[in-house]
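In this note's numbering, the protein residues as written are 112 to 506. Accompanying notes for the structure given below.
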Ligand SMILES: *Cc1c(COP(=O)(O)O)cnc(C)c1O
């Protein structure tokens, strides 16, 4: 066999994506004012941002960023262990740890990187990583990077999680789950999983990407809403691209765990520290996220309004009580057709297709935000009902 030629490989892959309606296109956002955006020259109302509290446009955060950048410049200039760790990062980590009730926090450039880092630094070949089948891609990738034995249990099945932990009783083990599942919007059985982990001496790790800001007292997340303590959840990851309205991620844990990460997590050690001005902006948004209880209350009331309307219209919504409200459509082509027809009516809700979701489970992923109004949610519901009828989907 001759060595495969790269142009042929790429062409075959692209053709196969096109044939299964799996090609994706990046839309160009030209302007955004809250959820009102200009995309490729068209004005649309966005129902696909994870900016759940409207903090991406927080005036405090923008002012803090401008002031810090004027004073300290833009880039951090180096990794944190060389010379990139700034007083603004240190302050943000201290404030965040105090808010979350964990000893320490460590600020990473992204959530993807944070999850890779934690799993790579903790696990090695021969160790066990037990995960929910629907966990975010970066948790799966982290276990693979570590070279650990990855075992995935059926979605939210804590009894299966316990059995998988028991199946390798001598291996060091991490049990990792999303708190709110990013494509389904449902919540993991955190109390039961914490119990399984504790009983099996496994480290319990929770990714709160879609929980922080939205759930729990002061927006601490689903683990706090479930009444768990820092001892029950020794590793928490909080990406900041969602309700924080910014970028990066915090990892929370005991001082010994955070010290181990900053000494040995390759995705932390070998990457430039986040821009200090961004840390200043995230401090400002942490304050808003903690204390603007009205944002959480408004969001919860919009979610309830959407659910009531969706049930009244007979829309195929999944069983979710979070701001992630997926409409299950099944085939890629149907999801694309409905998304296109919504866009013609002025709404931006992209079709989510494999590999982001399992085959045959294409959907519209609707996300609500405190930046929406009741009238906008009602208008979306009417448009969804009309588009599904046009597409011949039975209510
Ligand atoms: C978005 C997301 C991440 C990745 O965070 P980024 O900061 O976007 O890299 C990790 N986990 C979950 C569950 C997410 O939804």
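C-beta atoms are modelled at their ideal positions from N, C-alpha and C, and glycine is treated no differently.
Residue from the options with nearest C-alpha to residue i
{"i": "residue 164", "options": "439, 329, 420, 391", "result": "329"}
{"i": "residue 265", "options": "460, 151, 259, 275", "result": "275"}
{"i": "residue 418", "options": "489, 458, 115", "result": "489"}
{"i": "residue 359", "options": "481, 393, 295", "result": "393"}
{"i": "residue 221", "options": "253, 352, 114", "result": "352"}
{"i": "residue 508", "options": "226, 127, 255", "result": "Look at the range of the chain in this structure, 112 to 506, and you will see that residue 508 is not part of it."}
{"i": "residue 516", "options": "285, 191, 504", "result": "Given a span of 112 to 506 for the chain in the structure shown, any question on residue 516 remains unanswerable."}
{"i": "residue 172", "options": "496, 356, 470", "result": "356"}
{"i": "residue 192", "options": "382, 460, 346", "result": "382"}
{"i": "residue 347", "options": "229, 127, 197, 117", "result": "229"}
{"i": "residue 340", "options": "248, 309, 189", "result": "309"}
{"i": "residue 370", "options": "263, 218, 142", "result": "218"}
Host alpha helix (DSSP H) of residue i (start-end)
{"i": "residue 229", "result": "222-233"}
{"i": "residue 449", "result": "443-455"}
{"i": "residue 487", "result": "485-501"}
{"i": "residue 255", "result": "248-257"}
{"i": "residue 245", "result": "Where residue 245 is concerned, there is no enclosing alpha helix (DSSP H), given that its DSSP letter is neither H nor E."}
{"i": "residue 276", "result": "269-277"}
{"i": "residue 129", "result": "117-130"}
Burial state of residue i (16 or more Cβ within 10 Å)
{"i": "residue 476", "result": "buried"}
{"i": "residue 236", "result": "exposed"}
{"i": "residue 434", "result": "buried"}
{"i": "residue 378", "result": "buried"}
{"i": "residue 454", "result": "buried"}
{"i": "residue 402", "result": "exposed"}
{"i": "residue 470", "result": "exposed"}
{"i": "residue 200", "result": "buried"}
{"i": "residue 307", "result": "buried"}
{"i": "residue 478", "result": "buried"}
{"i": "residue 409", "result": "buried"}
Residue i - containing beta strand (DSSP E), residue span
{"i": "residue 215", "result": "215-219"}
{"i": "residue 474", "result": "473-478"}
{"i": "residue 289", "result": "284-289"}
{"i": "residue 261", "result": "260-264"}
Inset, instruction - Pick out the complete alpha helix (DSSP H) segments inside the segment 140-197, 4 residues or longer, and give them in chain order. - result: Qualifying alpha helix (DSSP H) stretches, in chain order: 170-183.
Inset, instruction - List in chain order: all unbroken beta strand (DSSP E) runs of 3+ residues lying wholly within the segment 299-353. - result: Taken in chain order, the complete beta strand (DSSP E) segments of 3 or more residues contained in the segment 299-353 are 314-318, 346-350.
Inset, instruction - Within the segment 363-439, note down every full alpha helix (DSSP H) run reaching 4 residues or more, in order along the chain. - result: With a minimum length of 4 residues, the unbroken runs of alpha helix (DSSP H) contained wholly in the segment 363-439 fall at 366-375, 377-380, 387-402, 404-424.
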